[in-house]
């Protein structure tokens, strides 16, 4: 008979289905359920369902069957089906951590049958062990009870089948006998797996690093042993004593997607020792001390007490802009500004469209001049006018000034799309000088306002890093913006990019295309640039390469095409923090004017940062196509670490002083391989800020 504990479990979990009547029946049930689960319940004709209650019952029925299918897949050791169910349903929908009528969870069956792949898949999904197994004794007793009762049931059914004459009832009992024989073998295998298992070995590659001035991070790998049971959790302990007495704290890690843990709230300047141990169904294994044995929370800024460079800058700039606006709003000669803040409460389409003559519209063709075009895209579609043209408005048809300086000014204006009306009024006040530069910039602001009014939207996106020019004297300034919602625009519609490229009739020859044709041909490259320029680096410490080249009217910086808003770089490590001790070592190397560590040296190889820099420098030199022996003349920028938020930081590798910036006409003996481009320095700075 069942023990009282098992009776309680059966009563509490009565809704769980019984085991299959035979091994073949189990497989048939599993196949049938698997076929059903491939049909989404929402695919049924909703008209045949009576009310919301019936739909909810149907949904719960499918989720209930999915839970049964998961148990079947684990018992049959079908890894593919387990992964399919975990992908198709959430842990809550699968009742992943609700015991069945035998008091078992899917993870219990996987680890006690020593099926490591399925156990790891379940652990990744958040599976837990049964809460009923509070000790080794309780688990052993539970398994013995399951085996004994299954064996008793097999004996009873065997006697009934042998003693009864062949009939329908006998056939049914034979099916039950086969099912219980199969379950008896499963329980015996689980019991043997538990008895033969041992506690896990210690975790491997336990590495300790300084994460900040008040935290350290420990990373580790699984134990190497293949004979012990699957590890289901880890324990991290820390102390100020190498003997771990007293223990300052501990943390249990049962989410095993990433084997690392950050210990917060530590005291800067104090040494902390850390160790990690693993757990399986047999208990906790021996702890493994970290390497290095201890770490002292610190940050490179503590070396000289330096404050973050950008602290308070954004707030100061906002305050300064507010002061400028206040001065202009109270200026006697600038009366229209006083009522401007009230007008912004209205929709953009209403407040902007009344500023223009009713005949204001997009251009169909270009004549010699300066123009603004806005490219809005969503997936593989692009916004065009009703004439299937990319939206274009005129800036100046008599443009004769130096383009680069005006273009760079325009890119800065793109950071203030919602302040264009105010900027126009400010420039209007200052136009008494009637300079070419002011006139052009005022016309730029007019064109922006016109584009915003025609589209009914303020934010025109990011400016492409260079204008499009043709031989006829046309210049296009291009803005790019990705639309991620179902946003409506005025005077335009969506069309597929490929359709626009194939259907538009060119008015120029292939040898001498117009700026619009050039834009249309290269539009996908520009969209790819825009998407890549918004990508962010994963957390970590990086080594960047600073290489500039100068022209008559600008300085350009070398960047990778795949991430044009960041310098050429390689990742040094995942921890972005530079500790005080590491920064002191870098300062000593810089003061001694030692070359960058491109080759290993026995007396400094113990420094982890030294080893990491060696690997990173070799990788970076290969990336930018510079011979490794040239690295001896390169320098590490030792004035500061470039911090981009809390998760990304950079060390800079600089060429020799004479080669940092290549002058016009100067030959560069080492040309980077394909995959790089040069951006105007001001454009790069704006992209980095974004």
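In full-length UniProt numbering, the protein residues as written are 1 to 690.
Glycine included, each C-beta is placed from N, C-alpha and C at the ideal position.
Of all the options the options, which has the alpha carbon lying nearest to the alpha carbon of residue i?
{"i": "residue 214", "options": "272, 65, 200 and 88", "result": "272"}
{"i": "residue 253", "options": "241, 266 and 234", "result": "234"}
{"i": "residue 114", "options": "436, 76 and 244", "result": "76"}
{"i": "residue 268", "options": "441, 579, 678 and 632", "result": "579"}
{"i": "residue 534", "options": "549, 566, 551 and 548", "result": "566"}
{"i": "residue 656", "options": "676, 677, 662 and 633", "result": "633"}
{"i": "residue 577", "options": "568, 560, 591 and 540", "result": "540"}
{"i": "residue 378", "options": "485, 465 and 282", "result": "485"}
{"i": "residue 456", "options": "487, 438 and 397", "result": "487"}
{"i": "residue 136", "options": "194, 105, 92 and 158", "result": "194"}
{"i": "residue 257", "options": "270, 127 and 373", "result": "127"}
{"i": "residue 103", "options": "312, 90 and 134", "result": "134"}
{"i": "residue 421", "options": "407, 408 and 443", "result": "443"}
{"i": "residue 437", "options": "398, 152 and 647", "result": "398"}
{"i": "residue 224", "options": "210, 203 and 649", "result": "203"}
{"i": "residue 406", "options": "302, 554 and 190", "result": "554"}
With residue i as the anchor, note down where its beta strand (DSSP E) starts and where it stops.
{"i": "residue 571", "result": "568-573"}
{"i": "residue 87", "result": "Here residue 87 belongs to no beta strand (DSSP E); instead the alpha helix (DSSP H) covers 79-88."}
{"i": "residue 543", "result": "540-545"}
{"i": "residue 238", "result": "233-239"}
{"i": "residue 409", "result": "No beta strand (DSSP E) contains residue 409, which is instead part of the alpha helix (DSSP H) from 403-413."}
{"i": "residue 302", "result": "First-last for residue 302: undefined, no H or E at that position."}
{"i": "residue 479", "result": "474-482"}
{"i": "residue 378", "result": "369-378"}
{"i": "residue 396", "result": "392-396"}
{"i": "residue 291", "result": "288-295"}
{"i": "residue 652", "result": "648-654"}
{"i": "residue 262", "result": "260-263"}
Which value, in whole angstroms, describes the spacing of the CA atoms of residue i and residue j?
{"i": "residue 563", "j": "residue 556", "result": "16 angstroms"}
{"i": "residue 29", "j": "residue 65", "result": "Reliability of the predicted coordinates at residue 29 is poor, the pLDDT of 41 falling under 50, and no value is obtained from them."}
{"i": "residue 691", "j": "residue 426", "result": "An answer regarding residue 691 cannot be provided, because it is not within the stretch 1 to 690 covered by the chain."}
{"i": "residue 285", "j": "residue 221", "result": "14 angstroms"}
{"i": "residue 571", "j": "residue 583", "result": "18 angstroms"}
{"i": "residue 700", "j": "residue 611", "result": "Limits of the chain in this structure are 1 at one end and 690 at the other, which puts residue 700 out of reach."}
{"i": "residue 502", "j": "residue 681", "result": "36 angstroms"}
{"i": "residue 356", "j": "residue 451", "result": "Legend: pLDDT at residue 356 = 44, less than 50; position of this residue unreliable, value from coordinates given subsequently. Residue 356 and residue 451: Cα-Cα distance of roughly 11 angstroms."}
{"i": "residue 45", "j": "residue 232", "result": "Unreliable placement is indicated for residue 45, whose pLDDT of 42 sits below 50; the coordinate value is still reported in the next sentence. Cα to Cα, the separation comes out at about 43 angstroms."}
{"i": "residue 192", "j": "residue 150", "result": "15 angstroms"}
{"i": "residue 491", "j": "residue 618", "result": "54 angstroms"}
{"i": "residue 643", "j": "residue 308", "result": "9 angstroms"}
{"i": "residue 116", "j": "residue 230", "result": "6 angstroms"}
{"i": "residue 243", "j": "residue 249", "result": "14 angstroms"}
{"i": "residue 14", "j": "residue 120", "result": "Bear in mind that a pLDDT of 41 at residue 14, under 50, signals an unreliable position, so the model cannot answer this."}
{"i": "residue 326", "j": "residue 316", "result": "15 angstroms"}
{"i": "residue 779", "j": "residue 183", "result": "Since the first residue of the chain shown is 1 and the last is 690, residue 779 is not available in this structure."}
{"i": "residue 684", "j": "residue 526", "result": "16 angstroms"}
{"i": "residue 666", "j": "residue 435", "result": "36 angstroms"}
{"i": "residue 251", "j": "residue 158", "result": "52 angstroms"}
Taking the continuous alpha helix (DSSP H) assigned at residue i, which residues delimit it?
{"i": "residue 694", "result": "Outside the shown range of the chain, which is 1 to 690, sits residue 694, and nothing can be said about it."}
{"i": "residue 517", "result": "515-521"}
{"i": "residue 453", "result": "436-455"}
{"i": "residue 691", "result": "This structure cannot speak to residue 691, because the chain is shown only from 1 to 690."}
{"i": "residue 631", "result": "First-last for residue 631: undefined, no H or E at that position."}
{"i": "residue 117", "result": "116-124"}
Among the residues of its own chain, which have a CB less than 6 angstroms from the CB of residue i, if the five just before and after it don't count?
{"i": "residue 463", "result": "411, 414 and 479"}
{"i": "residue 142", "result": "none"}
{"i": "residue 454", "result": "491"}
{"i": "residue 497", "result": "380 and 382"}
{"i": "residue 616", "result": "543, 570 and 572"}
Please report the Cβ distance between residue i and residue j, rounded to the nearest whole angstrom; I am assuming they are in contact, meaning their Cβ atoms lie under 8 angstroms.
{"i": "residue 295", "j": "residue 208", "result": "5 angstroms"}
{"i": "residue 82", "j": "residue 68", "result": "That belief does not hold up - the Cβ atoms of residue 82 and residue 68 are roughly 13 angstroms apart, past 8 angstroms."}
{"i": "residue 468", "j": "residue 519", "result": "5 angstroms"}
{"i": "residue 110", "j": "residue 122", "result": "6 angstroms"}
{"i": "residue 297", "j": "residue 216", "result": "6 angstroms"}
{"i": "residue 100", "j": "residue 71", "result": "6 angstroms"}
{"i": "residue 383", "j": "residue 494", "result": "6 angstroms"}
Please list, in chain order, all residues of the same chain as residue i whose beta carbon is under 8 angstroms from its beta carbon, the five residues on each side excluded.
{"i": "residue 280", "result": "111, 197, 199, 200, 228, 229, 230, 231 and 232"}
{"i": "residue 568", "result": "544, 545, 547, 558, 559, 560, 620, 623, 624, 672 and 676"}
{"i": "residue 550", "result": "556, 661, 662, 663 and 664"}
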